[in-house]
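Top to bottom, those sequences are chains U, C and Z. Under numbering that gives the first Met the number 0, the residues of the first sequence are numbered 0 to 320, in order. Under numbering that gives the first Met the number 0, the residues of the second sequence are numbered 0 to 281, in order. Under numbering that gives the first Met the number 0, the residues of the third sequence are numbered 0 to 477, in order. Glycine included, each C-beta is placed from N, C-alpha and C at the ideal position. The structure displayed is predicted, hence computed values, not measured ones.
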Amino acid sequence: MSNSFSLQDAARSGLVDVSSNASLTRFLHGLPGVDLVGLEARAAMLGTRSIKTTAKAEGIDLAIRMIDLTTLEGMDTRGKVRSLCAKARRPDPYDATVPSPAAICVYGDMVGHAKDALTGTTIKVAAVATAFPSGRASRRVKLMDVQDAVALGADEIDMVIDRGAFHEGRYMDVLEEIIAVKEVCGSAHLKVILETGELKTYDNIRRASWLGMLGGGDFIKTSTGKVTPAATAPVVLLMLQAIRDFHKNTGQVIGMKPAGGIRTTKDAMKMLVLVKETLGDRWLDPDLFRIGASSLLNDLLMQRTKLRTGAYSGPDYVTVD
Amino acid sequence: MTNKPVEIRRTAKLFIGGKFPRSESARSFEVLDRKGNFLANASLASRKDARDAVVAARAAFAGWSGATAYNRGQVLYRVAEIMQGRRNQFVDELAAWIDHAAAEREVDAAIDRWVWFAGWADKLAMVTGSNNPVAGPFFNFSVPEPTGVIAGFAPTNNALIDLVELVASAIVSGNTVVVVASLQNPLPAVSLGEVLATSDVPGGVVNILTGDATEIAPWLASHMDVNAIDLSGISDAKLAFDLEVSAAENLKRILRAGASVQGLARIKTWLETKTVWHPRGF
Amino acid sequence: MTFEYAPALESTSVVSIKDQYGLFINGEFVNAQAGEHFATLNPANEDHLANISQGSSHDIDVAVKAARKAFVKWSAMPGAERGKYLYRIARIIQDRSREIAVLETLDNGKPIRETRDVDIPLVAAQFFHYAGWADKLEYAGMGNNPQPLGVAGQIIPWNFPLLMLAWKIAPALAAGNTVVLKPAEETPLTALLFAEICQQADLPPGVVNIVTGDGSTGRALVEHPDINKIAFTGSTEVGRQIARAVAGTQKKVTLELGGKAANIVFDDAAIDQAIEGVVNGIFFNQGHVCCAGSRLLIQESIYDQFMELLYDRCNTLRLGNPLDKNTDVGAINSAAQLARITEIAATGDAEGAHRWTASCAIPEKGFWYPPTIFTDVSQANRIAREEIFGPVLSVLTFRTPEEAIEKANNSPFGLSAGIWTEKGSRILQVASQLRAGVVWANTFNKFDATSPFGGYKESGYGREGGRHGLEPYLKVGG
Numbered sequence: 000m001s002n003s004f005s006l007q008d009a010a011r012s013g014l015v016d017v018s019s020n021a022s023l024t025r026f027l028h029g030l031p032g033v034d035l036v037g038l039e040a041r042a043a044m045l046g047t048r049s050i051k052t053t054a055k056a057e058g059i060d061l062a063i064r065m066i067d068l069t070t071l072e073g074m075d076t077r078g079k080v081r082s083l084c085a086k087a088r089r090p091d092p093y094d095a096t097v098p099s100p101a102a103i104c105v106y107g108d109m110v111g112h113a114k115d116a117l118t119g120t121t122i123k124v125a126a127v128a129t130a131f132p133s134g135r136a137s138r139r140v141k142l143m144d145v146q147d148a149v150a151l152g153a154d155e156i157d158m159v160i161d162r163g164a165f166h167e168g169r170y171m172d173v174l175e176e177i178i179a180v181k182e183v184c185g186s187a188h189l190k191v192i193l194e195t196g197e198l199k200t201y202d203n204i205r206r207a208s209w210l211g212m213l214g215g216g217d218f219i220k221t222s223t224g225k226v227t228p229a230a231t232a233p234v235v236l237l238m239l240q241a242i243r244d245f246h247k248n249t250g251q252v253i254g255m256k257p258a259g260g261i262r263t264t265k266d267a268m269k270m271l272v273l274v275k276e277t278l279g280d281r282w283l284d285p286d287l288f289r290i291g292a293s294s295l296l297n298d299l300l301m302q303r304t305k306l307r308t309g310a311y312s313g314p315d316y317v318t319v320d
Numbered sequence: 000m001t002n003k004p005v006e007i008r009r010t011a012k013l014f015i016g017g018k019f020p021r022s023e024s025a026r027s028f029e030v031l032d033r034k035g036n037f038l039a040n041a042s043l044a045s046r047k048d049a050r051d052a053v054v055a056a057r058a059a060f061a062g063w064s065g066a067t068a069y070n071r072g073q074v075l076y077r078v079a080e081i082m083q084g085r086r087n088q089f090v091d092e093l094a095a096w097i098d099h100a101a102a103e104r105e106v107d108a109a110i111d112r113w114v115w116f117a118g119w120a121d122k123l124a125m126v127t128g129s130n131n132p133v134a135g136p137f138f139n140f141s142v143p144e145p146t147g148v149i150a151g152f153a154p155t156n157n158a159l160i161d162l163v164e165l166v167a168s169a170i171v172s173g174n175t176v177v178v179v180a181s182l183q184n185p186l187p188a189v190s191l192g193e194v195l196a197t198s199d200v201p202g203g204v205v206n207i208l209t210g211d212a213t214e215i216a217p218w219l220a221s222h223m224d225v226n227a228i229d230l231s232g233i234s235d236a237k238l239a240f241d242l243e244v245s246a247a248e249n250l251k252r253i254l255r256a257g258a259s260v261q262g263l264a265r266i267k268t269w270l271e272t273k274t275v276w277h278p279r280g281f
Numbered sequence: 000m001t002f003e004y005a006p007a008l009e010s011t012s013v014v015s016i017k018d019q020y021g022l023f024i025n026g027e028f029v030n031a032q033a034g035e036h037f038a039t040l041n042p043a044n045e046d047h048l049a050n051i052s053q054g055s056s057h058d059i060d061v062a063v064k065a066a067r068k069a070f071v072k073w074s075a076m077p078g079a080e081r082g083k084y085l086y087r088i089a090r091i092i093q094d095r096s097r098e099i100a101v102l103e104t105l106d107n108g109k110p111i112r113e114t115r116d117v118d119i120p121l122v123a124a125q126f127f128h129y130a131g132w133a134d135k136l137e138y139a140g141m142g143n144n145p146q147p148l149g150v151a152g153q154i155i156p157w158n159f160p161l162l163m164l165a166w167k168i169a170p171a172l173a174a175g176n177t178v179v180l181k182p183a184e185e186t187p188l189t190a191l192l193f194a195e196i197c198q199q200a201d202l203p204p205g206v207v208n209i210v211t212g213d214g215s216t217g218r219a220l221v222e223h224p225d226i227n228k229i230a231f232t233g234s235t236e237v238g239r240q241i242a243r244a245v246a247g248t249q250k251k252v253t254l255e256l257g258g259k260a261a262n263i264v265f266d267d268a269a270i271d272q273a274i275e276g277v278v279n280g281i282f283f284n285q286g287h288v289c290c291a292g293s294r295l296l297i298q299e300s301i302y303d304q305f306m307e308l309l310y311d312r313c314n315t316l317r318l319g320n321p322l323d324k325n326t327d328v329g330a331i332n333s334a335a336q337l338a339r340i341t342e343i344a345a346t347g348d349a350e351g352a353h354r355w356t357a358s359c360a361i362p363e364k365g366f367w368y369p370p371t372i373f374t375d376v377s378q379a380n381r382i383a384r385e386e387i388f389g390p391v392l393s394v395l396t397f398r399t400p401e402e403a404i405e406k407a408n409n410s411p412f413g414l415s416a417g418i419w420t421e422k423g424s425r426i427l428q429v430a431s432q433l434r435a436g437v438v439w440a441n442t443f444n445k446f447d448a449t450s451p452f453g454g455y456k457e458s459g460y461g462r463e464g465g466r467h468g469l470e471p472y473l474k475v476g477g
């Protein structure tokens, strides 16, 4: 599913004037401000929702299906990637009813290994690209990074925005880069990583969310997972609200992916609550909401087992990947 | 002949960053009672321990001063609860140097005094702050803020109650402290450290060095990351003078030797005042 | 797979409610003289909870005498000692917080999330704060050696039962007074549990006395000749009656009465947080809040955008079993209150306003009113002027800051107001011109033991909370 809403559409509808960096700046700086205390209080209140029994069982399976099971380390090897893919195929050796995660997420040069290991499944391969995680490289290099991953068969590309350009106020450069990456993606879906931990303020995160969506991203994503804070509840809430506003203004349906720091079932349930109460049930779908995680899967499996057996599980009963 | 079990004796160590290390110098000194009986070997702090204590106090400052006043008040009240539970231990330690009845009175007074300070946490801003009616369309308000890391020296007499006055008056508003215990009777300070360690007080807010103030004090007085110094426990006038001169280097806020400043006035010694202006207009 | 929340009920096993309660006088539970009882119900399902004693004027007299006798020692006690009792009470409240929260939810109908996360923590904080004042009265700006007034008669409402009790008793006791408190007849249970807590704290008998009963019990308390001070929170109408009743006496009075607060949203507000503030302002505690933001004053230029978001947000409010941890909107406190809300809201329809109702299922039993928003409201409408004390929001528009202020102030009430804008200078200017005792900027319904609360005009006089909250209980020196 790709975003057919173009910048020309935006300009034509009168929503955003993208004829210059100055006009784009006026638009972004004219978006409503964010009161930190109010945002955090709302996120905290939604975190008190109590998810039990049937809701919890549904939520666990839904969360599993939403995971982009991730390994992004310099020391990743063919073996590590194959092991992760085996885990995605069959998350729980004791229970074949456990669904698979939506995707595997790896560095671009590992895509081939992942595609091989996932043959015969519908599990997608997402590749991080554009000089992930820093994004500090030339446009040429970043686009080539994307092209290589796409050539190896990546179904999805997770790019990073240029935070340096953002902080310099060169919003148009940030936007144009997203557009260029989207073009090179071809039919691959594009997730735009904002790296919220480097944007620092909620006002910046709202602005960057709009840039990600205006640029053609299919998803906006919180973080690379290499910087803290990452996918905190207030950040996720704010980005979901931006998606809601974009949808109201353009009719486009953009997905969201929190990544980084989501380790427990409780964390995942909080994410689902935020989605449900901000965007509604339509977005509670792996096509529109993904969770970037690695250790989360095992916690979900242990909680799933507990619901089934009534007893707390332990690390010996889930596999390391 | 009774078979009383052999007593397990406590080791008197330093209290730094919420933990109880021995001095990095590995030195110790004998703690005696007024009759010359041996009570314990206590760690003898070195200048490096003092340095480490300042690092710990600085690290703890952001969290402690950033906590809500209510939270600090709760934590301080909890300290009093734990002190109450250890009343007998404090009494025994004081009674090594003063008569038992006086020791009991002092411990009870010290616990009450600590509670008195705890109740100030969420009232200081009301009593010391203000909204100032400047002659212009501005909202103007002054708020008290803690000054930072404070070095202090426990006096020899009134070993517990004056120690309480020193520590509680400093930390209630968010300051963190490094205290050198009395050389003659350090045990109440050691017990206070143990109380603090078990009362939800974050590590580093209070650091207690057993040892000789004559040796340690100059290093604290000259330390450029110490914001204030409490000399009221220094009885040697020459030492006090040298320390005050040394402290002037980074303009430390000073409570002079022999000063008898108590209660709210003592708390205010360690407060800064910040005044903020903001225009009023549609 | 729709991920609907399953019921997440808080257990009531922590609570043990007696069949019948007496009055708490002089440190003991005693029978009321006339032996009459009335029932207290759970408004969420109309279940009978307990039988409560109806206190007569004789019972009030016994209580006042006990309080007067206890006053001698209590006021002479060093402040530090009084403080210790208050600290004990604060601690016990924290220890028993779950039990107290569940009981409050059962008796009042408000969601367990609110009692757990808002009411009970504030109750404990209130006692902690005033415990620390008991031995520091000379610093409170009331003179060198301020003296207590004597015996305080205190009458509290049903909307925040234990919190209103804490707001009254904590400062009174800290200042050295003793009290006779009459809880609302709809919600006496946490006050009676508080009596047990006083016993657990070994509070000297007679310092706190709880006499349950209806309006006639309250009247007897107000009219008792040996009361030095009356503190009342409730309706403006009863407040008027009390003010008349004490005319010609030396009784000091403080009153916390009704409100019709304006929640003002400017075009540069942080919109999503303003939405939360408006929703919280009127639907928190089912709108049973004297300082509720019951009038939304929205700048006309953002009206459409704001209202659309507001309706969407209100449709996510979960109304239902107050014991369910996921409930946002609980029950209306009584049949009588439900009737009042229904009646006044109906005038909105009759007078030409447009009614919108949130889509939520209403349980069969119990007293319920769905979140309701009236638009096309004008200042002359009853729903814009009268306190409804329910989950009903009246929406009006304004063009300029001056107009917003004028409309906000155009009310006999003056308890609270809200201001939503990202511009600091506007906050300060608007706040300085609002005739309201509590102004919330970019937030709403925030309470703190240190923050003075009270109204202008017909919202009453006197302040509760903080240093200011001591003044109603002290003879102020030079």
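- In this chain, the alpha helix (DSSP H) harbouring U/F165 covers 162-166.
- In this structure, the CA atom of Z/L188 is about 24 Å from the CA atom of Z/C290.
- Within the same chain, and ignoring the five residues on either side of Z/A335 in sequence, no residue has its Cβ closer than 8 Å to its Cβ.
- Taking a beta-carbon distance threshold of 8 Å, C/W63 does not count as an interface residue toward chain Z.
- Counted as a single uninterrupted DSSP element, the alpha helix (DSSP H) harbouring U/M171 occupies residues 170-184.
- In the three-state scheme derived from DSSP, where H, G and I count as helix and E and B as strand, U/G260 is classed as coil.
- With a cutoff of 8 Å on beta-carbon distance, Z/E457 and Z/N332 are scored as not near each other.
- Beta-bridge analysis with DSSP links Z/N50 to Z/Q19, Z/A38.
- Fully contained in the region 161-212 of chain C are the following alpha helix (DSSP H) runs of length 4 or more, in chain order: 186-196.
- Under the criterion of beta carbons closer than 8 Å, U/I63 and U/P92 do not qualify as touching, at roughly 15 Å.
- Under a criterion of Cβ atoms nearer than 7 Å, the residues of chain Z adjacent to U/T53 are, in order, A5.
- Restricted to the region 119-187 of chain Z, the beta strand (DSSP E) segments that are unbroken, complete and at least 3 residues in length are 150-154, 177-181, listed in chain order.
- Taking the Cα positions, Z/T177 is about 18 Å away from Z/H128.
- The beta carbon of U/L283 sits closer than 8 Å to some beta carbon of chain Z.
- When Cβ-Cβ separations below 8 Å define contact, Z/K250 makes no contact with chain C.
- Counted as a single uninterrupted DSSP element, the stretch harbouring Z/D106 is not any beta strand (DSSP E) but the alpha helix (DSSP H) occupying residues 96-107.
- The count of Cβ pairs closer than 8 Å, one atom from the region 158-165 of chain Z and one from the region 62-69 of chain Z, stays below three, leaving the stretches out of contact.
- Between the region 167-175 of chain Z and the region 461-475 of chain Z, the count of Cβ pairs shorter than 8 Å is three or higher; the stretches touch.
- Here the C-alpha atom of U/Y311 lies approximately 22 Å from the C-alpha atom of U/K86.
- Between Z/A379 and the set Z/E363, Z/A360, Z/A349, the nearest pair of CA atoms involves Z/A349.
- Look at U/R48: its C-beta is under 8 Å from a C-beta on chain Z.
- Here C/V106 has R86, F89, V90 as same chain residues with Cβ atoms under 6 Å from its own Cβ, once five neighbours each way along the sequence are excluded.
- Between Z/D118 and chain C, the shortest Cβ-Cβ separation is not below 8 Å.
- With contact defined as three or more Cβ pairs closer than 8 Å, the region 187-202 of chain U and the region 145-160 of chain U are in contact.
- When C-alpha distances from C/V166 are compared across C/W269, C/A124, C/G257, C/R33, the shortest belongs to C/W269.
- Not a single C-beta of chain C is nearer than 8 Å to the C-beta of Z/K445.
- In the assembly as shown, C/K237 is an exposed residue. Its beta-carbon has fewer than 16 other beta-carbons within 10 Å.
- Cβ contact annotation for Z/V61 (same chain, cutoff 7 Å, sequence separation greater than five): I24, in chain order.
- Secondary structure of Z/Y455 (DSSP, three-state): strand.
- U/L193 sits away from U/A9, with the two beta carbons spaced by 8 Å or more.
- Contact check for C/L75 and C/A117: beta-carbon distance about 4 Å, within the 8 Å limit, so the pair qualifies.
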